[in-house]
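Trainee: Please see the structure below; I have some questions.
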Amino acid sequence: MIRILWYFLVAVAVALIAAFMAEQTGDLVLTWGRTEIRMSLPVAAGIAGLGLAAVLLLHRVLTGVIDAPGTASRWLAA
């Protein structure tokens, strides 16, 4: 029951943050050398979120690959 409540509170927090970000009208400007990239704040936050998800997925895959020999030996020994 507490886990469901926790998930609900996290979903509410994410919804509130998304609503706040959608209301922002400013731009984010990234200048690197002669290159200039302009985008809205919600788009930048979405790209950052996708990047974070990709890094977490990569970490999960690499951890699984590194732990695979030990997991397989424990599974075969049982």
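So for the sequence shown, our numbering puts the first residue at 370; every next one is plus one. Heads up, the beta-carbon is just placed ideally off N, CA and C, and yes, glycines get one too.
Counting pairs of Cβ atoms below 8 Å between the stretch 408–416 and the stretch 378–393, do you hit three or more?
Mentor: Short answer: they touch.
Trainee: On the DSSP letters alone, give me the boundaries of the beta strand (DSSP E) that methionine 408 sits inside.
Mentor: Methionine 408 -> beta strand (DSSP E) spans 404–409.
Trainee: Would you mind stating whether glutamate 405 and leucine 397 have Cβ atoms separated by less than 9 Å?
Mentor: No.
Trainee: To which residues does DSSP link leucine 399 through a beta bridge?
Mentor: Looking at the DSSP assignment, leucine 399 forms a beta bridge with Ile406.
Trainee: From what residue to what residue does the alpha helix (DSSP H) around alanine 382 run?
Mentor: Its alpha helix (DSSP H) spans residues 371–392.
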